[in-house]
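Notes to accompany the following structure.
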Amino acid sequence: MSGFDRKLRLAVLISGGGSNLQSMIDRSAAGELAAEVVVVISDRPDAYGLVRAEKALVPHFVVDYGSHGRADQHTVKTEVPGLDLEELDRTQKILREPDREKRLRRLTRLVSAERELISTLDRFQPDFVCLAGYMRLVTPFFIHHYKTDGRWRVLNIHPALLPAFPGMHGYEDTLAYGCRWGGVTVHFVDEGEDSGPIIAQAVYPIWPGDTLDSIRKRGLQLEYAVYAQCINWLAQECVRHDSLQGLTRIATITDPAYPSIVRGWVEMAIAR
Ligand code: GRF
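Here's what the structure looks like:
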C-alpha cells in the first residue's frame with residue numbers, strides 16, 4: 026500500500042551493513058516512503074546489505090573496483106575513450122594527490138568503475154542515486170551523468186554535522202572532539218568530498234559517559250528518519266534549488282511542516 030501518488034525509483038549504493046538501505050526498504054513497504062528501492066549496488070561482495078537486498082527481492086550487483094586496475098599499477102593508461110580526463114581533473118575536488126600522473130591514473134580507474142556502475146544502474150532508470158555507507162569517492166563524471174535539468178540527483182547521508190567532520194569517521198571525530206551535540210546530514214553529492222548542498226540536518230545530544238557505540242545507535246535512528254524525510258520531500262517537490270553567486274549551492278525545503286518535523290527529530294534524539 027502507499028499513501029503517495031508517485032513513487033520515486035531509488036538506486037542505493039552500499040559498502041557494508043546496509044541498515045540505511047533496510048530502513049528505506051521497510052519504510053517503502055510500510056507506505057511511509059514515497060519511493061521504492063529498485064536496485065542495490067555494492068563495491069564489496071561481502072557487504073551484508075546485499076543479503077538484505079536479496080531478502081527483499083531487490084536486484085543487486087557488485088561492482089569490483091579492483092578489476093578496473095590497482096593503485097600501484099603503473100601500466101594503467103591515463104586516458105578514457107570519449108572523455109576529457111584533463112577537464113575532469115580540473116573539475117574534481119576529491120583527489121588531492123599532487124603527482125599529476127598518479128592522480129590521472131586514479132581518476133581513470135574510478136571512471137572506468139563508474140562506467141560499469143552507470144551501465145548497471147541505468148537499466149533500472151533511477152530518479153535518484155542514494156549513497157548509504159558507500160565508501161568510495163564518486164567523480165564528477167558520475168555526478169554529472171545524473172545531473173539532469175540542472176538538478177543534483179545523487180544523495181548522501183553523512184554521520185556528522187557538515188561542514189564539520191567530513192570523511193570516513195563522522196561519529197568517531199564528533200566524539201573525539203568532545204562535541205556536546207552530534208549530527209547527521211543528508212546532502213546532494215557535488216564535485217567535492219561531503220561538500221554538496223545540504224538538504225537536511227538533525228542533531229542528537231552526547232551525554233557524559235556516552236561511547237562510540239551509544240552515539241552511533243542514537244545517530245543511526247536519526248539517519249533513517251532524516252534520509253526518509255528528504256526522499257519524501259524530493260518526491261513531493263519540496264526541495265528548491267537556489268543559486269548563490271551563480272552556483273546551485275543551496276537546497277531550501279518549502280514544506281510548511283518543516284519546523285515541526287525538525288522539532289520532532291530533536292525530541293526523538295533527546296528521548297533516546
Ligand atoms: C552510516 O553511518 C552512514 O551515515 C555512513 O555510513 C554508515 C552506513 O551504515 N555514511 P549502514 O551500512 O547504512 O548501516
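Residues in the sequence shown are numbered from 26 upward in steps of one, following the numbering used here.
Glycine included, every Cβ here is placed at the ideal spot set by N, Cα and C.
Keep in mind it's a predicted model, so treat the numbers as computed, not measured.
For K172, the closest of D238, S40, E122 and G221 by C-alpha to C-alpha distance is G221. Bounds of the alpha helix (DSSP H) holding L247 are L237 to A260.
Residue nearest to G94 within the set R130, P191, L162 and L156 is R130 (criterion: CA-CA distance). Taking 8 Å as the cut-off, the beta carbon of L110 is found no closer than this to the beta carbon of T116.
Within a 10 Å sphere around the beta-carbon of A201 sit fewer than 16 other beta-carbons, which makes this residue exposed. Secondary structure of A78 (DSSP, three-state): helix. Residues of the same chain with a CB within less than 7 Å of the CB of V264, apart from the 5 flanking positions on each side, are I224, W258, A276 and I278 in chain order. Between K118 and the set F153, R77 and P165, the nearest pair of CA atoms involves P165. Setting aside the 5 residues that flank it on each side, F190 is surrounded in the same chain by D198 and T199, each with a C-beta closer than 7 Å to its C-beta; the list follows chain order.
If you check the CB distance, I66 and L142 come in under 8 Å. In the DSSP assignment, H183 is bridged to T210. Under the three-state reduction of DSSP, A225 is assigned to strand. Straight-line measurement puts the Cα of I182 at about 11 Å from the Cα of G244.
Counting the other CB atoms within 10 Å of its CB gives D71 a total below 16, which places it among the exposed residues. Closest in C-alpha terms to D235, from the list V179, G41, G158 and G207, comes G207. For V105, the secondary structure class from DSSP, reduced to helix, strand or coil, is strand. With contacts defined by Cβ atoms closer than 8 Å, V64 and P84 form a contacting pair. Per DSSP, the continuous alpha helix (DSSP H) segment holding E197 begins and ends at G195 to Y202.
For the ligand GRF, no non-hydrogen atom lies closer than 7 Å to the CB of E104. When distances are taken from the beta-carbon of A253 to the heavy atoms of the ligand GRF, even the shortest one reaches 7 Å or more. By the Cβ-count criterion, E248 is buried, with 16 or more other Cβ atoms from all chains shown falling within 10 Å of its own Cβ.
Taking 8 Å as the cut-off, the beta carbon of D215 is found closer than this to the beta carbon of I168.
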